[in-house]
Structures are given as structure tokens and as C-alpha cells.
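Using the UniProt record's numbering, the letters of the sequence shown map in sequence onto residues 1 to 649. Glycine included, every Cβ here is placed at the ideal spot set by N, Cα and C. Fair warning: this is a prediction, and the values are worked out from it, not measured in the lab. Below is one structure; the comments refer to it alone.
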Amino acid sequence: GLFGVPELSCPEGFQEAQDKALQESEQLVQKACSTPPGPETVMIFDQLSDSLCRVADLADFVKVAHPDFAFREAAEEACRNIGTVVEKLNTDVELCQSLRRLLADETVLSSLDPETRRVAELFMFDFEISGIHLDEEKRKKAVELNVRILDLCNEFLIGTHIPNKIDKHVLPEHIRYNFTAEGNYLRIAGLHADCPDDLVREAAYKIFLHSNAQQLARLEELLASRNNLAQLVGYDTFAHRALQGTMAKNPETVRQFLEKLSEQLSKRTQKDFEMMTKMKMKLNPHNSMLMPWDHPYYSGVLRAERYNIDPGLYCPFFSLGACMEGLNSLFSQLLGISLYAEQTKRGEIWSEDVRKLAVVHETEGLLGYIYCDFFQRPDKPHQDCHFTVRGGRLKENGEYQLPVVVLMLSLPNSARGAPTLLSPGMMENLFHEMGHAMHSMLGRTRYQHVTGTRCATDFAEVPSILMEYFANDYRVVNQFARHYKTGQPLPKNMVSRLCESKKVCAAADIQLQVFYAVLDQIYHGKHPLKKSTTEILKETQEKVYGLPYVPNTAWQLRFSHLVGYGAKYYSYLMSRAVASMVWKQCFAQNPFDRAMGERYRREMLAHGGGKEPMLMVQGMLQKSPSVEDFVDALVSDLDHDFETFIMDS
């Protein structure tokens, strides 16, 4: 069966696995309610969480990635059913009472170790978010709002991807071939950001981002419902609720971080926009005003012109085999960990090109499994991501339940007999996702509720972004980058130029992310909103981003991250700041320093989400970073490396 789960040798098995989990969960609920308050209560709650997550997490992956529609459908159904049960349990007053008794008993509470106490508080937080502390009528309202929000999220998400159509006669004939024709209409399914023709990018921007009344209504109802739910369960705004337990802790800190970052970037961003404008004037003298559809294109042109980074020159040095060897060698030097390919059993994998890796520590033995689903195939989403399929935890019999994860990439299928060659971007993504996988393997917590990447959103990206710093360091790259035909190493100046090219227009790129993050904070801040979401977009774009708003467009209706990262879009920037600080302070001098690797494991990876994120950062950096430190870390990454600059000059 899939992932070695015997029931899942056919789609119908999901029903069986789900029934088994629900039966187990009923017994555990009874056990929790009849157990006197103590550490065992937390253990039972975690078992309960594990029995449901073992099916739900696996189904979460299968519903998006399995090539067989019947499997995807069965998994989708299982997700829905388990979701409903979780909602029910989160409003089960008797179950909540058993946890409340534990948290109210000072003697018992003081005897718990910090991890057990944090896990108990996290479970309590889940109850409170569902309105358990309210009277029955309000509690019912909270459940209804939760269900409605889930539906709105799904509808909004689908709406963000739906193409727009336009009568083909509206567009000049010479650009129509860029879009898919459907009878008398043209279908515009994206922004065509890389197209060299300014007119094509302008048309795509104005049509794809054209406002849509239905999608607008969904967004407005989603934001209002989130706000209502947050206020119902006792928070000022949805952002206050979403930021509980994160590194930032509250919306005020996020606002401060984004404002200070914006301030520090402003001169550099202006300079970037001036460079892009000059380039546009050079290539298109009739129309030199820089518009939002120009930014991604002209920053790419400037990069290519200044550093001539042709991915084709790099790919031969980055065969998939060489990159995996590089990761293996890095993990072995830093952490004493090796990756071994394992034979899979019949029915264990969903596509024959999936590879299973065993993660083995030199003294601790087997730590877990990583399934590598790396290649493109029809119906597979084009996104690189990491899925937890089974969380690690200490079982009742004293054995450790090994974590299982999937890394999903969309690498091109290579020609017969030739190795798969990665572009520099793909190589960096592979390192990024492997950072998540190592977090999952080494976050060996006692409780699966906080295993590996189950931690605060603004901390979760730190291990993966840190791996990008390793992927961009010549000392690391030089260990594995070899030409697949000649065996010749990748020249040092090619790596330096690649790194420097990423700094071209990087301030403007970060400023764009700041704009998205500010927008997300306003949308999830004080309600009712002072203006419509589109007016807020216009105002924020002109104030924070600096390129003009285009009338009749509504970019926010394509902002799919509002679903999964509501009030937390800033997380990526904050994680990058922490990763940058960890790299500079701990690994820049020697990226293979074993003592630092062990400290990184001990202070940051080992706890999963079982310790407050800021305490983990403090343990690693041996100081408590301020908002200013975060901002400085991001801004100093934009400075050019003097040595490369001189060499290139």
C-alpha cells in the first residue's frame, strides 16, 4: 500500500483507514475524559492528534499529487471527513474540560517539563479558537463561521487561478498569438511577465487582473468572516489571533518590522526603479514610464546584461546526481547524517520515478524517510513543496515513530541516457526543500503535534532559507558541481557572478514583498475596513511600492496566499532575516563546521514547534535580536561583494 500503509493498496482503502482512525479517536476521547490530570493527559491528546493526522496528512498529499483520479477523490473525501471530526472535537466541552483541569492545577502544571506544558497550551489554544469558552449559541456560531471560512477559502483559491477571456478584436492583431484562442475569444491565464513585448505584458496585466465582482464578494466575505470569528473568540482582529505563538507575537511588531524595512530600502529601491526606467527608455523610447508589468521583466534584462547569467552554461555542472551527492556530503560533515536509497515495495509509491531515501545518523541510526517526487508529470501541480506524511513521536511502548515526508519538485524529464540537469534556480530550490526535510527528520520531539516543521509560520522557513545560503557558497558548490561530460569543476567566478546577479534590483524585489505583506496586514487588521479592498490596494501600492496603480485592476483577487498565509505573509521576510543572521554569524566563516552544525541541530531543529520560536533563535545566536537587527540583516544582504565587483570590473 501507499507509504507502506496496507489499507491503501486501492482508493477504497481510504475509507477503511479513516474508519479505523475514527474508531481509535473515540476510544482516546473517552480515555482522556476519564484520566486524572497529569502528563498522561497530554500524551493521550497527542495520540488522538496522531491517529487523525496519520490519515489526514497522507490524504493531503495524495489529493494533490496522485496520478490516479480515484485515489485523489478518495483522499479529498477523507480530508473533508477528518476535518469535520476535528472541528467537532475542538468544540467538545467534556474533552476540553479534561485539559482545563490539567492547566488549572498548579501542582501538576509545575511538575510538567517545558515541552509538555507548551503542547498542552497549544491544544488549549485550538479549543479556544473554536470558541469552546463561549455559551452554546456563540459556540454554534463559531463552528458555522469556521465551516463558512473553509468554503470561502476554497472558492477564493479556485478564483485566483481562473483565466480571463476577452474578445480577440480588442487586441492588436500582431500580439494575439501570445494568448490561447477560443473561438472569437482569447484566454489570458497569467501575467506573461517574461515576454519581451511591452504591449503583451501590459495587455496580460490589465486583462488577467481585471476586477471580478464574484471574486471580490468572496474576498470581502472571507475577510469579514475571519474578523467576526476572531472577535467572537476574544481577539481584537484576525491578525492578533493569527500571530499568537509566532516570532513576531503581534501585529504591532509586524508593522514596525515592515515600516523600518521599507524605510531602509527606499533609496535603493528608487535606484533600482531608475535603472529599470533607463533600460526601458533604451529599448522602448516611445514609452518610458515604468509600470507594474515592467518590474519583473526589466530587472531580468538588467541581470542578464550585467552578468550574462545564461542558465544553459550552468546546467551541465548541476546534474541531479551531483546535487544529491553535494547534499549528502554537506549533511554528513555538518550533522553526521547520510542519505541512502532504499528499495520500495509493490504499491508503496504512486509513480515509478519516485525515490525513497533513508536518513541515517552515524551513531543514532535510522531517523526517518524522505520520498523524492522530483519529476514533472501530467496533472501534477507545478510547485515545489514539502509534505509531512507522518510526524515523529515517542510511542507508548518506548519506540520512536519515524517521520515520513515527501519532497515534491517539478524537474524536467531528461532524455534517455542523459542525466537530469538542473538550472541554478532548480538547484537552489532542491536545497531549500531539503532544509524542510532535515527539520522534519531532526525535530525529534516527544509529541507529534509539534514535530519537525509543525511550528510557527514565521520560523518554519528559517531552515529552508538557510540552505539557500549554503547553495550559494562556492566552498559548498565546489564539492559537487562537476561537468557531467568532462568532470571539470564549476569555475569560481561563475558562482560569484551568479550570486552577485541575484543582488541586481533585489531591493525593489524585497519592496514588492513588503507591499504584499503590508496589504495582508491591513486586510486582516481593524474592521470594518475604511475603504474597499481595491481602494486599499491602490493607496498601499502607491505609498509602499511606488509604481502606479492601474485603473480597473484588482491584483488582490489573485493573491492566493491570503488563504494559507492570512495575516502571516510577512513570515517569509522575517524567516529570511533570521536565516541571514544565522548564516553570517555561524556558518559564513566555515560552512562545514561540525560544532556549529551540532549547535544548529540542538538549538533550532531539535525542538520542532515544542519551544517558543524566539527562544530557539536566541539559543542559536546567543542574543535576542531586535526588529532593527532583522532589518539590518536583510539590507546588508544587498551589498555587493567587493572582491567579485573588482574581478568583474
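- For T246, the number of other beta carbons within 10 angstroms of its own is at least 16, and it is reported as buried.
- With the rule of 3 Cβ pairs closer than 8 Å, the segment 384-398 counts as touching the segment 45-61.
- Straight through space, the alpha carbons of P67 and P378 are spaced by roughly 8 Å.
- Counting only residues of its own chain and dropping the five nearest sequence neighbours on each side, R355 has a CB closer than 8 Å to the CB of A341, Y371, C372 and F374.
- Here the C-alpha atom of E24 lies approximately 31 Å from the C-alpha atom of Q244.
- Excluding sequence positions up to five before and after L219, its CB lies within less than 7 Å of the CB of F156, T533, Q556 and L557, all in the same chain and listed in chain order.
- G365 carries a strand assignment under DSSP once its states are collapsed to helix, strand and coil.
- Taking the Cβ atoms as the reference, S338 lies roughly 6 Å from N328, within the contact range of under 8 Å.
- Between Y545 and the set Q15, K530, A507 and R118, the nearest pair of CA atoms involves A507.
- Pairing H432 with M467 gives a Cβ-Cβ distance under 7 Å.
- In the DSSP annotation of this structure, the continuous segment of the beta strand (DSSP E) that includes T388 starts and ends at C385 to R390.
- Judged by DSSP secondary structure, D167 falls outside any alpha helix (DSSP H) and instead within the beta strand (DSSP E) spanning N164 to D167.
- As the crow flies, the alpha-carbon of F69 is around 19 Å from that of N154.
- In terms of CA proximity to K543, L519 leads the group K31, A120 and L519.
- Taking every protein chain shown into account, the CB of I158 has fewer than 16 other CB atoms within 10 angstroms, so this residue is exposed.
- Put simply, the segment 492-507 does not touch the segment 522-537. Fewer than three CB pairs are less than 8 Å apart.
- Assigned with DSSP and collapsed to three states, Y235 falls in coil, not helix or strand.
- By the criterion of a C-beta distance shorter than 8 Å, E115 is surrounded in its chain by T445, R446, Y447, V450, H607, G610 and K611, once the five residues flanking it on both sides are discounted.
- Taking a cut-off of 8 Å on C-beta distances, the segment 289-308 touches the segment 195-205, as three or more cross pairs fall below it.
- With respect to L95, V5 sits apart: the two C-beta atoms are not nearer than 7 Å.
- Annotated as distal: V578 and F257, with beta-carbon spacing of 7 Å or more.
- The C-beta distance from D637 to M581 rounds to 10 Å, too long to meet the 8 Å contact threshold.
- Taking all protein chains in view, the Cβ of L152 is crowded by 16 or more other Cβ atoms within 10 Å, so the residue is classified as buried.
- Listed in chain order, the non-local C-beta contacts of R72 below 7 Å within the same chain comprise V62, K63 and H66, local neighbours out to five positions each way being set aside.
- Here the alpha carbon of N413 sits roughly 52 Å from the alpha carbon of R139.
- In terms of Cβ geometry, L229 and L145 form a close pair [threshold 7 Å].
- Spatial neighbours of G368 in its own chain (CB-CB distance under 6 Å, excluding positions within 5 residues in sequence) are listed in chain order as V359, L402, P403 and M441.
- Straight-line measurement puts the Cα of I207 at about 16 Å from the Cα of Y177.
- For the set F179, A242 and L191, the Cα lying nearest the Cα of T457 is the one of A242.
- Comparing alpha carbon positions, the residue from S34, Y298 and E7 closest to A21 is E7.
- Nearest in C-alpha terms to R306, of all of K503, K345 and A481, is K503.
- Per the C-alpha coordinates, the member of P163, Q376, L330 and M324 positioned closest to L357 is M324.
- Taken through DSSP and simplified to helix, strand or coil, L339 comes out as strand.
- Across the structure, R454 and D57 are spaced so that their CA atoms are roughly 12 Å apart.
- Residue pairing of S319 in beta bridges, as defined by DSSP: L421.
- Between L52 and I82, the beta carbon gap of about 5 Å places them in contact (Cβ cut-off 8 Å).
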